[in-house]
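Q: Those letters in the sequence shown? Residues 1 to 394, by UniProt numbering.
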Amino acid sequence: MGPRLCELRSNPEGLDLVAIKVTVGRSCYILCSAYLPYESPTPPPRQLMELVEWCKSNNLPLIVGCDANAHHTCWGSKDVNQRGQDLLEFLISSGLDILNRGTKPTFVTRNRQEVIDITISNSWSSHLVTNWRVSSEVSMSDHRHILFNLETGTVPVEREYRNPKLTVWSTYKDILSRNVGPPVRPHTIPQIESSVKNLTKAVVHAYEQSCPVRKRNKVRLVWVPGHSGVAGNEEADVLARKGSSDTLTGPEPAIGLPYSYPLGSIDNWTREKCQEDWSRGIGLRQARLLIKGPGAAATRSLVNLNRASINIITGLLTGHGRLNKHLSTIGLSPDSRCRLCGTSDEDSIHVLCHCPRVIVNRHRLFGAGYLAPEDIREIPVDRVLAFARSTGLF
Numbered sequence: 001m002g003p004r005l006c007e008l009r010s011n012p013e014g015l016d017l018v019a020i021k022v023t024v025g026r027s028c029y030i031l032c033s034a035y036l037p038y039e040s041p042t043p044p045p046r047q048l049m050e051l052v053e054w055c056k057s058n059n060l061p062l063i064v065g066c067d068a069n070a071h072h073t074c075w076g077s078k079d080v081n082q083r084g085q086d087l088l089e090f091l092i093s094s095g096l097d098i099l100n101r102g103t104k105p106t107f108v109t110r111n112r113q114e115v116i117d118i119t120i121s122n123s124w125s126s127h128l129v130t131n132w133r134v135s136s137e138v139s140m141s142d143h144r145h146i147l148f149n150l151e152t153g154t155v156p157v158e159r160e161y162r163n164p165k166l167t168v169w170s171t172y173k174d175i176l177s178r179n180v181g182p183p184v185r186p187h188t189i190p191q192i193e194s195s196v197k198n199l200t201k202a203v204v205h206a207y208e209q210s211c212p213v214r215k216r217n218k219v220r221l222v223w224v225p226g227h228s229g230v231a232g233n234e235e236a237d238v239l240a241r242k243g244s245s246d247t248l249t250g251p252e253p254a255i256g257l258p259y260s261y262p263l264g265s266i267d268n269w270t271r272e273k274c275q276e277d278w279s280r281g282i283g284l285r286q287a288r289l290l291i292k293g294p295g296a297a298a299t300r301s302l303v304n305l306n307r308a309s310i311n312i313i314t315g316l317l318t319g320h321g322r323l324n325k326h327l328s329t330i331g332l333s334p335d336s337r338c339r340l341c342g343t344s345d346e347d348s349i350h351v352l353c354h355c356p357r358v359i360v361n362r363h364r365l366f367g368a369g370y371l372a373p374e375d376i377r378e379i380p381v382d383r384v385l386a387f388a389r390s391t392g393l394f
C-alpha cells in the first residue's frame, strides 16, 4: 500500500460523525464513526443520511460504527424502544445491513448492561465484514471495543474438510441400517472387540458417504441483478432444479426443512407462550415492578443457583418471601414493620429500594443509595442475591 492509506472526509457541520476514505489497491472503502445523541430527534441525524445516499450514488462500500443510544432486539438489545424502532425503519428503507452478532453487551456500567452500539453497512460491503465481536478487553470506558475483520481480498486455502451440519441424515441412517445388520450378543472379549470394530467402521463409512469432502476456500460473493446471461448463475439454476426434482435417498417420510427450522419454531413458540402467560397473569403487582419478564438471560442466571439461593431470590422479587409484610399477611408475624429501620412495612420494594439502614450496601452493590423499583429489573440476579444476603434478613 502507498503512504496515502486513508483520506479524511470533511464534515464541517457537526462533531458527531467522522468518515474516512480508505484505499486498498484499486478499491476504496468509506469507514465512518457516528454518535446519535439520546436527546436528539428521531434517529439518524441528517449527516448520516446524506453519507448513506452519497455512498449509494457513488457505488462505494460503507461501514458505520455507531453509538446509537437505541434499543432493539434485532441488534441484541434486551428490549425495544421508540428510538430503536425508528432507527430500524431507516436501516430497512435504506437497504443497510446490521452486522452485530449475539447479545454480548457493548455498554457496561456498574448496574446496567446493554447493546446500544451497532455496526451497519451497505450492500457493497456486507460480505466484506467477518468475525464481528465485542472485545472482553478493558476499554477504560463504559463502551466496549468492537472488533471485526475487513476482507479486502481473497486467499484460497486448499484444505479438505467435512461439515457435520451438512450431513444428509436420511442417507446416513439408510446406509448405516444396511451395513450394521441385526444385533448379535457377543459372549467373549474377541467378539466384543470385533463388534466394536465393525460398528465403528459402519458409522464412519455412513458418515463419509452422506457428508462429502469439501474444500475450504474464501470466495467473494458479488450481487448481480439477475441470472440471465451469467454462466455461473445459469448453472446454479440447473443444479437447483435438479436438486429439487431428484428422488430422496433414504427412508420416508422426508420433510424438506433444515434441522434448525423446527428448533427455532419451538423456541419462538415457547418464548411467545411464556410472554403471553406473564402478560395475562392475575395479580403479580410487585413481581411486574421488579421483574422485566421471561427471558433467557434471567433463566440462565437462576438455573445456576442452588436451591437456597433460588428460594431467596424468588421470594424477594415476588414479595412472597421471609419479610415481615408478607409474614404478617399470612399470620406468621405480629408486626409488619421493617426489622432494620422500624419506620415502614418490611416488603421487597422497601428493602431493595428505600430502607435507609442498608444504603451503604445498596450503593456498593447497585451503584446508588436509593432506587426506583424499575431499576431493579436491570440489575443482574447475582447482585440482587448478594444484596439480600448482606442485609442479614435472609
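Here a beta-carbon is modelled for each residue, glycine too, at the ideal position from N, C-alpha and C.
1) So the beta strand (DSSP E) Ser136 belongs to, where does it begin and stop?
2) How long is the line joining the alpha carbons of Ala34 and Arg162, rounded to whole angstroms?
3) With DSSP as the reference, identify every bridge partner of Tyr161, one or two as the case may be.
4) Report all residues from its chain with a CB closer than 7 Å to the CB of residue 461; omit the five preceding and five following residues, and keep chain order.
5) Determine, using beta carbons only, whether Ile313 and Val203 come nearer to each other than 8 Å.
6) Starting from Ser93, trace the alpha helix (DSSP H) both ways and give me its first and last residue.
7) Starting from Phe148, trace the alpha helix (DSSP H) in both directions and tell me its first and last residue.
8) Just the Cα atoms here: how many angstroms apart are Asp347 and Pro373?
9) Give the C-beta separation of Phe107 and Pro44 to the nearest angstrom, bearing in mind that I take them to be a contact with Cβ-Cβ under 8 Å.
10) From the DSSP secondary-structure annotation, give me the bridge partner or partners of Ser121.
11) Could you tell me which of Cys74, Leu317, Ile146 sits nearest to Val138, measuring between CA atoms?
12) Taking contact to mean at least 3 C-beta pairs separated by less than 8 Å, is the segment 116 to 123 in contact with the segment 60 to 75?
13) Going straight from the alpha carbon of Arg383 to that of Leu305, what length do you get?
14) So, helix, strand or coil for Thr314, using DSSP?
15) Around the C-beta of Met1, are 16 or more other C-beta atoms found within 10 angstroms, so that it is buried, or is it exposed?
16) Measuring CA to CA, which of Phe387, Pro294, Gly315, Ser194 is closest to Lys78?
17) Thinking Tyr172 and Ser210 are a contact (beta carbons under 8 Å), I'd like their distance in whole angstroms, please.
18) If you count every other CB in all the chains shown that lies within 10 Å of the CB of Ala297, and 16 or more means buried, which is it?
19) For Leu332, which of Ile266, His205, Gly321 has the nearest alpha-carbon?
20) If you draw a straight line from the C-alpha of Asn268 to the C-alpha of Cys74, how long is it?
21) Assign Lys273 to buried or exposed, taking buried as 16 or more other Cβ atoms, counted over all protein chains shown, within 10 Å of its Cβ.
22) Can you look up Thr154 in the DSSP assignment and give me helix, strand or coil?
23) His143 bridges to which residues according to DSSP?
24) Pair every Cβ in the segment 230 to 238 with every Cβ in the segment 176 to 196, then say whether three or more of these pairs are closer than 8 Å.
25) Taking the CB atoms as reference points, tell me whether Leu385 and Ser328 lie closer together than 8 Å.
26) Taking the C-alpha atoms as reference points, what is the distance between Glu276 and Arg133?
27) Tell me the DSSP secondary structure of Val184 in three-state form.
28) Using C-beta distances below 6 Å, list every residue in its chain close to Gly367, excluding the 5 sequence neighbours before and after it, in chain order.
29) Roughly how many angstroms separate the alpha carbons of Leu177 and Val238, rounded to a whole number?
30) Tell me whether the beta-carbon of Asn69 lies closer than 8 Å to the beta-carbon of Pro105.
31) Applying the 10 Å Cβ sphere with the 16-neighbour rule, what's the burial state of His72?
32) Comparing C-alpha positions only, which one of Asp142, Tyr29, Val22 sits nearest to His127?
A: Put simply:
1) Careful: Ser136 lies outside any beta strand (DSSP E) and carries neither H nor E.
2) 42 Å
3) Arg214
4) An answer regarding residue 461 cannot be provided, because it is not within the stretch 1 to 394 covered by the chain.
5) no
6) 82 to 93
7) Run containing Phe148: none in the alpha helix (DSSP H); it sits in the beta strand (DSSP E), 146 to 150.
8) 12 Å
9) At roughly 18 Å, the Cβ-Cβ gap does not stay under 8 Å, so Phe107 and Pro44 are not in contact.
10) Ile63, Asp97
11) Ile146
12) yes
13) 13 Å
14) helix
15) For Met1, the predicted structure reports a pLDDT of 38, less than 50, and the residue's modelled location is therefore unreliable. A value from the coordinates is still provided. Per the 10 Å Cβ criterion, exposed.
16) Pro294
17) 4 Å
18) exposed
19) Gly321
20) 14 Å
21) exposed
22) Because the pLDDT at Thr154 is just 48, under 50, the model does not fix this residue reliably, and the value given afterwards should be weighed accordingly. Correct three-state label for Thr154: coil.
23) Phe107
24) no
25) no
26) 33 Å
27) coil
28) Arg110, Asn111
29) In the sequence as presented, Leu is not what sits at residue 177; that position holds Ser. Going from the Cα of Ser177 to the Cα of Val238 covers about 32 Å.
30) no
31) buried
32) Tyr29
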